Each structure stands twice: as structure tokens, then as C-alpha cells.
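In what follows, a single structure is set out as C-alpha cells and then discussed.
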Amino acid sequence: MSLYYGIPILLIAAVMQSAWLEDVRILGGRPDLVLLLVVTWSVIRGAREGVVWGFVGGICCDLLSGGSFGLWTLSLTIVGFLAGQPWVHALGPTLMRLALMSALGTVLGHFVLLTLMILLGYVVDLGRGFQTVALPAAVLDFLLSPFAFTFLVWFHHRSRRQLSGFAQ
Amino acid sequence: MKRDRGPWLAWVLLILALVLIVLSESGALGPAEGLLSLVVAPVERAVSAIVKGVGSVTGSTRDVIELQQRVAGLASANEALVQENFRLREYQAENEELRRQLNFHQENPTYGSIGVDVVEQGCTIFPCGDVVGQDTNPYLRFVIITVGSRDGVAVGMPVVTGGAAMIGRIARTSPNLSYVQLINDPASLVTAMLQQSRVMGLVEGTEEGQLLMTNILPDEEVAEGETIITSSIGGILPRGLILGQVESVIYLESDLFQRAVIRPAVDFRRIETVLVITDFPQPDLEELAIP
Chain E
154 MSLYYGIPIL LIAAVMQSAW LEDVRILGGR PDLVLLLVVT WSVIRGAREG VVWGFVGGIC
214 CDLLSGGSFG LWTLSLTIVG FLAGQPWVHA LGPTLMRLAL MSALGTVLGH FVLLTLMILL
274 GYVVDLGRGF QTVALPAAVL DFLLSPFAFT FLVWFHHRSR RQLSGFAQ
Chain G
82 MKRDRGPWLA WVLLILALVL IVLSESGALG PAEGLLSLVV APVERAVSAI VKGVGSVTGS
142 TRDVIELQQR VAGLASANEA LVQENFRLRE YQAENEELRR QLNFHQENPT YGSIGVDVVE
202 QGCTIFPCGD VVGQDTNPYL RFVIITVGSR DGVAVGMPVV TGGAAMIGRI ARTSPNLSYV
262 QLINDPASLV TAMLQQSRVM GLVEGTEEGQ LLMTNILPDE EVAEGETIIT SSIGGILPRG
322 LILGQVESVI YLESDLFQRA VIRPAVDFRR IETVLVITDF PQPDLEELAI P
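Protein sequence lines correspond, in order, to chains E and G.
Positions 154 to 321 (the numbering used here) are the ones given, in order, by the first sequence.
Positions 82 to 372 (the numbering used here) are the ones given, in order, by the second sequence.
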């Protein structure tokens with residue numbers, strides 16, 4: 154799926170994260186929609202497309218944040234790169250490795266985000282941040298990964314059909 | 082032979098992301114952010130409108146339970162407020178009389194009346210925006226509002242809602258959107274005082290999203306329920322914007338200062354419409370200079 158579709162998907166996901174998911178509290182946390190989509194796409198399509206999705210998704214999130222621009226961009230680009238590595242395929246069947254990578258990717262993304270914030274002088278506590286935000290988000294992303302996978306695969310097939318239709 | 086673009090593309094994007102952070106920190110990214118926000122703003126507004134529409138239906142069941150609890154709390158709070166209202170009417174009458182005597186209002190048309198006028202003048206004088214979203218970064222407490230630099234909004238301006246209750250200050254602007262740092266953000270610091278006892282202190286946010294008044298001298302009397310307002314010390318905020326009420330006081334013998342836990346004047350999760358105060362009288366710095 155080209156970025157023609159990827160950009161709107163990531164932008165809408167970021168806006169939904171800002172406008173809706175901030176109020177949603179499940180298991181004491183909230184899912185990271187953009188991060189979940191980036192990890193899922195990276196696992197399906199590999200690191201090359203993963204970093205691009207991470208970069209674009211990060212910019213969308215940074216546009217809807219009052220913090221320094223680039224915090225999400227760097228975090229999600231790193232997550233997209235690592236989640237798309239070949240060794241991920243050794244983690245088991247598709248859905249299992251997606252779920253595992255969603256959880257690991259969320260933890261990694263939040264670790265990078267928190268570290269950058271600490272380096273830039275923000276008042277955040279790494280341990281507390283993990284306990285109250287990152288770990289609940291990782292659990293939720295783990296549970297939601299099959300839905301993200303189903304959506305992206307469905308959308309991918311649909312967009313390919315449309316694009317081939319245009320070509321004819 | 083087809084070469085794998087993966088590794089170098091990743092490095093390029095990672096370096097680009099680092100450059101973005103550096104440019105953002107140096108303030109050089111403003112124009113580019115402004116351009117990008119032109120795309121984001123309409124999407125944010127549209128999704129926010131849909132979410133609010135859907136949320137009003139799905140949230141109603143959850144709200145019923147919350148409302149029952151709130152009604153019980155509000156009934157007891159109402160009783161206390163009725164009594165306080167009587168006292169405030171007395172203060173108001175006294176205040177009006179004193180103002181007439183001092184001809185205060187004519188000399189300082191807006192000073193001291195901002196807490197009232199902000200509400201009455203509404204959107205015709207001050208930029209008035211809807212809250213369309215919250216920060217995507219879960220470690221920050223910002224809200225995004227639908228007015229920006231095109232409407233005259235600038236960094237540092239105070240933002241109020243529900244009367245003269247201050248919710249925060251503008252931290253970043255783009256042409257169509259502004260990012261408000263809420264007063265319960267861990268990095269927020271507001272000079273404040275207790276309305277009745279005039280005790281001074283600093284109101285700061287905590288990582289848990291609570292509000293604390295700190296730097297209160299140990300010998301000061303702090304009563305629970307007392308209202309906390311902005312103090313205007315430093316000249317960056319007008320005096321009299323309501324921050325909250327004292328919920329409890331924390332003081333240990335070993336501490337240098339007392340601290341007060343504050344019950345915020347507004348529920349930060351339910352802010353819908355806000356006003357940005359773009360201008361207010363500030364002390365003349367030349368008068369303060371030592372001759």
C-alpha cells in the first residue's frame with residue numbers, strides 16, 4: 154500500500170488518538186493507535202516501509218502535541234525500523250509475532266519517548282511513566298493487534314484492487 | 082542487481098527526526114509546523130465533531146452512574162456555596178463602594194475587572210476557541226484549541242473557561258490551532274495567592290495530574306476550602322483568575338515550606354470552550370525602576 158493511503162490512515166489515527174482515545178481508559182491506560190499501525194505495517198512489510206510509516210506517523214502525532222516537534226517522529230521511526238527486522242519472523246505465527254511485537258514496540262516506543270523527554274528537560278519519571286502509561290498501553294496494543302492487522306490487510310487488498318483498476 | 086534501500090533510508094529518516102527535534106528546540110520550525118497544521122486543523126475539527134456526536138450517545142450510560150455520584154457531591158457542595166455566596170455578596174457590595182471612592186475603574190478600565198469581563202465580553206473581544214483534542218503524548222497535559230496566531234493568539238497568553246477559571250497558558254501556536262499547557266502539567270508553574278488570607282505561593286502540576294500550591298511559608302495560616310487565584314507577580318498573568326480551592330494542607334516539621342493540595346476549579350477532561358486573554362494591564366516597569 155502506497156503512502157497515498159498510508160498518510161491519511163496515519164493522520165486520521167493520530168487525530169482519533171488526540172480527539173477520542175485520550176478520554177478512553179481501559180485497564181488504566183489507553184492504546185497507542187498510531188504506534189500500533191506502524192508496528193503492524195512494519196511486521197507485514199519489513200523495515201524499509203516500516204521506517205517511512207514510523208516517520209510519517211510520528212509527524213502526525215507531533216503535529217497534535219504541545220511538546221517538542223520530533224519526539225514522536227524519532228520514537229516511531231526507531232520502532233518501525235526494529236519491528237520490521239527479519240528476526241521478527243522467528244517469533245512464531247503471524248498473529249503471535251504481531252501481538253508480541255505490538256507489545257514490545259509499545260514499550261520500546263515509550264522508552265525512547267521518555268528518554269528523549271528526560272534529555273530535553275521535561276518533568277517525567279521513567280519508572281512511573283512505564284508503570285502507569287507504557288505497560289497498560291503495551292497490554293492494550295497486544296490485544297488490539299489482530300484488529301489492526303485485519304484492517305490493514307483488508308485495506309491493502311482493497312487499495313491494490315482500486316489502483317490496478319485505475320491502471321487498466 | 083537490486084540494492085536494498087532499507088538501512089540507509091532508516092538512517093536518513095532517523096537523522097531527519099533528530100534534526101526536527103533540534104530545529105524545534107531552537108524555534109526554527111514554526112513556519113513549517115504552521116503549514117502542516119493547515120492540513121491537520123480541518124481533520125482535527127471534523128473528527129472532534131464526530132467524536133463529540135458519537136460520544137454524547139455512547140457516553141450517556143456511563144454518565145448516568147457518574148452523574149448520580151456527582152449529584153450527591155454537588156448537593157453538599159451547593160449548601161456550602163450558598164453560604165459562601167451570601168458572604169461574597171457582602172464583599173461585592175463593599176468592593177463596589179470602594180471602587181467608586183477610588184475612581185479605580187476610570188483610571189484602570191480593565192484592571193481588576195478582568196475576572197468578570199472575560200466572561201461577559203465573550204468571543205467578541207477575546208479569541209474564543211473549542212477544545213478539539215488533547216496531547217498525543219501521554220506524558221504531557223496539553224489541549225488543542227481551534228484558535229491560532231491568525232486570531233491574535235500568542236505564546237504565554239492565559240486561557241480561561243467557565244467564568245474566570247484559568248486552565249492554562251498558550252505554549253505553542255500555529256495559524257489555526259493553539260496548544261494550551263494545562264496548569265496541572267508537571268512543567269506548569271503559576272504564581273498564586275489565597276484569596277482571603279492573601280498568602281502567596283506557587284501552583285504547580287504533578288505527574289499524577291494533581292495541583293499543588295507550594296512555597297507557602299510555615300507560619301502562614303492556610304484554611305481548607307480557601308480559593309486560590311493568580312497573583313500577577315511577574316507580570317505574565319492578570320490577577321484574580323481562579324485556580325481552585327484548598328483541599329488539604331501538607332506540612333512536615335522537616336519541610337521548609339507548607340504545601341496545599343488543590344481541588345481544581347474545572348474538570349480538565351471536560352473542557353469544551355475556552356477564552357484566550359490576549360491583553361491585560363501590566364505594571365509600568367519604568368515606575369518600578371530605582372531612581
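Cβ atoms here follow ideal geometry from the backbone N, Cα and C, with glycine treated the same way.
Predicted, not measured: the structure shown is a model, and the values here were computed from it.
Reduced DSSP category for residue i - H, G, I as helix; E, B as strand; rest coil
i              : result
Q339 (chain G) : strand
Y158 (chain E) : helix
L164 (chain E) : helix
N265 (chain G) : coil
A304 (chain E) : The question names Ala, but residue 304 (chain E) is Phe in the sequence shown. Three-state result, F304 (chain E): helix.
R285 (chain E) : Here residue 285 (chain E) is Thr; the residue named in the question, Arg, does not match the sequence. The answer is helix: DSSP assigns T285 (chain E) an H, G or I state.
N296 (chain G) : strand
Q252 (chain E) : Contrary to the premise, residue 252 (chain E) reads as Ala rather than Gln in this sequence. Note: A252 (chain E) maps to helix in three-state DSSP.
H186 (chain G) : Caution is warranted here: a pLDDT of 41 is assigned to H186 (chain G), below 50, making its placement in the model unreliable, and no coordinate value can be reported.
D211 (chain G) : strand
M209 (chain E) : Note on identity: in this sequence residue 209 (chain E) is Val, with Met being the wrong assignment. DSSP places V209 (chain E) in helix when its eight states are reduced to three.
A153 (chain G) : helix
T247 (chain E) : helix
M45 (chain G)  : Residue 45 (chain G) cannot be examined here, being either before or after the span of chain G that is shown, 82 to 372.
V93 (chain G)  : helix
F223 (chain G) : strand
Q238 (chain E) : coil
Q326 (chain G) : strand
I179 (chain E) : strand
R271 (chain E) : Going by the sequence as given, residue 271 (chain E) is Ile instead of Arg. Three-state DSSP puts I271 (chain E) in a helix.
S259 (chain G) : strand
L270 (chain G) : strand
V357 (chain G) : strand
I248 (chain G) : strand
I352 (chain G) : coil
S194 (chain G) : Low confidence applies here, because S194 (chain G) scores a pLDDT of 34, under 50, leaving its location unreliable; read the following figure in that light. In this structure, S194 (chain G) counts as coil in the three-state DSSP scheme.
I314 (chain G) : coil
T230 (chain E) : helix
V277 (chain E) : coil
R126 (chain G) : helix
P184 (chain E) : coil
E147 (chain G) : helix
R253 (chain G) : strand
E201 (chain G) : Legend: pLDDT at E201 (chain G) = 35, less than 50; position of this residue unreliable, value from coordinates given subsequently. In this structure, E201 (chain G) counts as helix in the three-state DSSP scheme.
E305 (chain G) : coil
Supposed contact pair residue j and residue i - C-beta distance, whole angstroms, cut 8 angstroms
i              : j              : result
T311 (chain G) : A341 (chain G) : Their Cβ separation, rounded to whole angstroms, is 15 angstroms, which puts T311 (chain G) and A341 (chain G) out of contact at 8 angstroms.
E125 (chain G) : I226 (chain G) : Not quite, the Cβ-Cβ distance comes to about 10 angstroms (not below 8 angstroms), so this is no contact.
L101 (chain G) : G223 (chain E) : 3 angstroms
V196 (chain E) : G237 (chain E) : 7 angstroms
V347 (chain G) : T242 (chain G) : 6 angstroms
A252 (chain G) : V236 (chain G) : 7 angstroms
P323 (chain E) : L293 (chain E) : Past the boundaries of the shown model lies residue 323 (chain E); chain E is included only from 154 to 321, so the question cannot be answered.
T254 (chain G) : S230 (chain G) : 5 angstroms
V191 (chain E) : W173 (chain E) : Not confirmed; about 19 angstroms, so no contact.
G115 (chain G) : P256 (chain G) : 5 angstroms
G214 (chain G) : S118 (chain G) : 12 angstroms between Cβ atoms; not a contact.
A256 (chain E) : A200 (chain E) : Actually they do not touch by this definition, with Cβ atoms about 19 angstroms apart.
D283 (chain G) : N265 (chain G) : The question names Asp, but residue 283 (chain G) in the sequence shown is Leu. At roughly 14 angstroms, the Cβ-Cβ gap does not stay under 8 angstroms, so L283 (chain G) and N265 (chain G) are not in contact.
L324 (chain G) : I343 (chain G) : 7 angstroms
G210 (chain E) : V177 (chain E) : Going by Cβ atoms, the distance from G210 (chain E) to V177 (chain E) rounds to 19 angstroms, so no, they are not a contact pair.
L277 (chain E) : P88 (chain G)  : Sequence inspection shows Val at residue 277 (chain E); the Leu mentioned does not correspond to that position. In fact, because the Cβ distance is near 31 angstroms, the residues do not count as touching under 8 angstroms.
L275 (chain G) : I248 (chain G) : Going by Cβ atoms, the distance from L275 (chain G) to I248 (chain G) rounds to 20 angstroms, so no, they are not a contact pair.
L322 (chain G) : P239 (chain G) : 6 angstroms
S298 (chain E) : L251 (chain E) : 5 angstroms
V204 (chain E) : G233 (chain E) : 5 angstroms
T354 (chain G) : D216 (chain G) : About 19 angstroms separates the two Cβ atoms, so there is no contact after all.
T230 (chain E) : L95 (chain G)  : 6 angstroms
Cutoff 8 angstroms: residue i Cβ touching any chain C Cβ
i              : result
S118 (chain G) : Included in the structure are the protein chains E and G, with no chain C among them.
- Task: Kindly confirm or deny that the region 216-223 of chain G and the region 259-278 of chain E touch, where touching means at least three C-beta pairs closer than 8 angstroms.
- Result: By the Cβ rule, the region 216-223 of chain G counts as touching the region 259-278 of chain E, because three or more pairs are nearer than 8 angstroms.
- Are there three or more Cβ pairs, one per stretch, closer than 8 angstroms when the region 268-288 of chain E is compared with the region 224-234 of chain E? Yes, the region 268-288 of chain E touches the region 224-234 of chain E.
- Message: Short of 8 angstroms Cβ to Cβ, which residues in the region 154-179 of chain E face chain G?
- Response: The residues in question are L164, I165, A167, V168, M169, Q170, S171, A172, W173, E175 and D176.
- Could you run through the region 216-247 of chain E and flag, in chain order, every residue whose CB is less than 9 angstroms away from some CB of chain G? The region 216-247 of chain E vs chain G, Cβ under 9 angstroms: L216, L217, S218, G219, G220, S221, F222, G223, L224, W225, T226, L227, S228, L229, T230, I231, G233, F234 and G237.
- Do the region 272-290 of chain E and the region 244-263 of chain E touch if we need at least three Cβ pairs shorter than 8 angstroms? Touching, yes.
- Query: the region 273-303 of chain E: which residues have C-beta closer than 9 angstroms to a C-beta of chain G, in chain order?
  - Reply: Identification of residues in the region 273-303 of chain E having a C-beta nearer than 9 angstroms to some C-beta of chain G yields L273, G274, Y275, V276, V277, D278, R281, G282, T285, V286, A287 and A290, given in sequence order.
- Message: Taking beta-carbon pairs under 8 angstroms, can you tell me which members of the region 189-215 of chain E lie near chain G?
- Response: Residues G199, A200, R201, V204, V205, G207, F208, G211, I212, C213, C214 and D215.
- Item | chain E contacts from the region 277-305 of chain G (Cβ-Cβ distance under 8 angstroms) | The region 277-305 of chain G vs chain E, Cβ under 8 angstroms: E288.
- Item | the region 212-243 of chain G: positions lying closer than 7 angstroms to chain E by Cβ | Among the residues of the region 212-243 of chain G, those with a Cβ less than 7 angstroms away from any Cβ of chain E are V213, G214, Q215, D216, T217, N218, P219, Y220, L221, F223 and I225, in the order of the chain.
- Query: Any residues in the region 253-270 of chain E with a beta carbon nearer than 9 angstroms to a beta carbon of chain G? Which ones, in chain order?
  - Reply: Sequence-ordered contacts of the region 253-270 of chain E with chain G read H263, L266, L267, L269 and M270 [C-beta pairs closer than 9 angstroms].
- Message: By the 7 angstroms beta-carbon criterion, what residues does the region 102-118 of chain G contribute toward chain E?
- Response: Within the region 102-118 of chain G, the residues whose Cβ lies closer than 7 angstroms to some Cβ of chain E are I102, S105, E106, L110, E114, L117 and S118, listed in chain order.
- Task: For the region 250-264 of chain G, enumerate the residues whose C-beta is nearer than 8 angstroms to any C-beta of chain E, in chain order.
- Result: Cβ contacts with chain E come from A252, R253, Y260, V261 and Q262.
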